[in-house]
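Quick note: the sequence shown uses the working numbering, first residue 41, plus one each step.
Quick reminder that beta carbons are idealized off the backbone N, C-alpha and C, glycines included.
What you are looking at is a predicted structure, and each value in this text was computed from that prediction instead of being measured.
Before any comments, here is the structure.
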Amino acid sequence: MKRSQFLIIDDNEADAKRLHEALEKLLLFKSIDVTATLEEATSILENQSIDLIFLDILLTDQSGLKLLRSNTDLPPVIIVSSYPDYAIESYRIGKAADFIVKPFTEERLLMAVNRAMNFEATPNHITGAHFTFLKVGYKVQRFDFNAIDYVEAFGSYSKIFVDGQYTLINDRISVVKKLLPDQHFIQVHKSYIINTDKIAMFDRNNFWIQKTKIPIGISYRSSLESFLAVFGKEEEEKEK
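Listed below in structure tokens is the structure:
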């Protein structure tokens, strides 16, 4: 089994230590980080690749449920709490793989870890043949593929541009990419995905979507060579 990187978020030092010791016996981890606050946890998640989170609900700074409702792309989360009443709310949000009530047995912990490593969170989007619904704040908004000009990364969010105006959505650009049809959208830079039907012109370094210049990332240039060649031929055929 893959050795994973775990994150424990619990402000009770004794409980965090007990969980850490129990996880050490499983020999499934590469490393285990421990923090008592969501602020520090958010920083860890932004700078490290975490495979599994163990989250207490009642923390000193704020409720652990806030992390579940956050806009970041969370790895699987196991709730570890002394209050079983929070289980329904945790599952309703859709990002909790399991809920363990303190105190727990090692067998129950192992069961939760196995479940979490095969867990897929409830998505924030619904996709059809010509459109997708994406989470915008606390609402879900429809985006027609043929109306999208391009997508720009914005930290843990993304901006979807339509007719020069953007909407900020609750998903990273890596998530949005999976929802867009490959035949019309390509990623040209780590921060940009463009609609090929909206290309006004291009050269070896940039695309122009209407009047907006979109840079071609160095690491993407080689993969775009064949596209640019084919795209150029198609445009020549249209002009004949």
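I need the boundaries of the beta strand (DSSP E) containing residue i, first residue and last residue.
{"i": "D138", "result": "A136 to V141"}
{"i": "K251", "result": "Careful: K251 lies outside any beta strand (DSSP E) and carries neither H nor E."}
{"i": "L63", "result": "Looking at the DSSP string, L63 is not in any beta strand (DSSP E); the run it does join, the alpha helix (DSSP H), is E53 to L66."}
{"i": "Y107", "result": "A small fix is needed here, since residue 107 is Leu in this sequence, not Tyr. Per DSSP, L107 belongs to no beta strand (DSSP E); it is in the alpha helix (DSSP H), L105 to L108."}
{"i": "M241", "result": "I239 to F242"}
{"i": "R182", "result": "K179 to D184"}
{"i": "L208", "result": "Q205 to I209"}
{"i": "L99", "result": "Looking at the DSSP string, L99 is not in any beta strand (DSSP E), and its letter there is neither H nor E."}
{"i": "L47", "result": "S44 to I49"}
{"i": "I90", "result": "Element bounds for I90: n/a, residue is neither H nor E."}
{"i": "Q227", "result": "F225 to H229"}
My guess is that residue i and residue j are in contact by the Cβ rule of under 8 angstroms, so how many angstroms apart are they, rounded?
{"i": "Q45", "j": "D113", "result": "Going by Cβ atoms, the distance from Q45 to D113 rounds to 15 angstroms, so no, they are not a contact pair."}
{"i": "I97", "j": "L105", "result": "6 angstroms"}
{"i": "A137", "j": "R155", "result": "6 angstroms"}
{"i": "V120", "j": "K142", "result": "6 angstroms"}
{"i": "A152", "j": "I140", "result": "5 angstroms"}
{"i": "F173", "j": "Q181", "result": "7 angstroms"}
Could you give the distance in angstroms between the alpha-carbon of residue i and the alpha-carbon of residue j?
{"i": "R58", "j": "N52", "result": "10 angstroms"}
{"i": "M41", "j": "M157", "result": "With a pLDDT of 40 at M41, under the threshold of 50, the predicted position of this residue should be treated as unreliable, though the coordinate-derived value follows. Cα-Cα distance, rounded: 10 angstroms."}
{"i": "T252", "j": "L220", "result": "20 angstroms"}
{"i": "P124", "j": "S263", "result": "51 angstroms"}
{"i": "D184", "j": "L108", "result": "28 angstroms"}
{"i": "I233", "j": "K179", "result": "23 angstroms"}
{"i": "G204", "j": "T75", "result": "42 angstroms"}
{"i": "L47", "j": "T145", "result": "19 angstroms"}
{"i": "S281", "j": "R212", "result": "Past the edges of the chain, shown from 41 to 280, lies residue 281, and the structure says nothing about it."}
{"i": "A240", "j": "D222", "result": "19 angstroms"}
{"i": "L66", "j": "E192", "result": "41 angstroms"}
{"i": "T100", "j": "K70", "result": "28 angstroms"}
{"i": "F94", "j": "F242", "result": "47 angstroms"}
{"i": "K230", "j": "P115", "result": "21 angstroms"}
{"i": "A81", "j": "L150", "result": "23 angstroms"}
{"i": "Q88", "j": "E129", "result": "28 angstroms"}
{"i": "Y135", "j": "F194", "result": "In the sequence on display, residue 135 carries Lys and not Tyr. Each residue's Cα considered, the two are about 22 angstroms apart."}
Go through its chain and collect everything with a Cβ distance to residue i's Cβ below 6 angstroms, but skip five positions before and after it.
{"i": "Q102", "result": "L78"}
{"i": "K238", "result": "D189 and I249"}
{"i": "A54", "result": "none"}
{"i": "S292", "result": "Because the chain here runs from 41 to 280, residue 292 falls outside it and cannot be looked at."}
{"i": "F50", "result": "In the sequence under discussion, the amino acid at residue 50 is Asp, which differs from the Phe named in the question. These residues qualify, in order along the chain: A56 and D96."}
{"i": "G177", "result": "none"}
{"i": "N245", "result": "I256"}
Counting only the same chain and skipping the five closest in sequence on each side, list residues whose C-beta sits under 7 angstroms from that of residue i.
{"i": "L215", "result": "Reading off the sequence, residue 215 comes out as Val, not Leu. Hits under 7 angstroms: D113."}
{"i": "E224", "result": "The question names Glu, yet the displayed sequence has His at residue 224. Once the five neighbours on either side are set aside, the close Cβ partners of H224 are F185, N235, T236 and D237."}
{"i": "K284", "result": "Shown here, the chain extends from 41 to 280; a query on residue 284 therefore has no answer."}
{"i": "I24", "result": "There is no way to answer for residue 24, as the model of the chain reaches only from 41 to 280."}
{"i": "I200", "result": "F183, I188, V191, Y206, T207 and I209"}
Looking only at its own chain, which residues have a Cβ that is under 8 angstroms from the Cβ of residue i, when we skip the five neighbours before and after it?
{"i": "V228", "result": "I234, F247, I254, P255, I256, G257, Y260 and L264"}
{"i": "R148", "result": "I140"}
{"i": "Y28", "result": "The structure shown has nothing for residue 28, since the chain only spans 41 to 280."}
I'd like the span of the alpha helix (DSSP H) that includes residue i, first residue to last.
{"i": "Y131", "result": "A127 to I133"}
{"i": "N245", "result": "Looking at the DSSP string, N245 is not in any alpha helix (DSSP H), and its letter there is neither H nor E."}
{"i": "K293", "result": "Here the chain covers residues 41 to 280 and nothing more, so residue 293 does not appear."}
{"i": "K218", "result": "I213 to L219"}
{"i": "A152", "result": "E146 to A156"}
Compare the C-beta of residue i against all C-beta atoms of chain B and say whether one is closer than 8 angstroms.
{"i": "G257", "result": "Looking at the structure shown, chain B is missing, and only one protein chain is on hand."}
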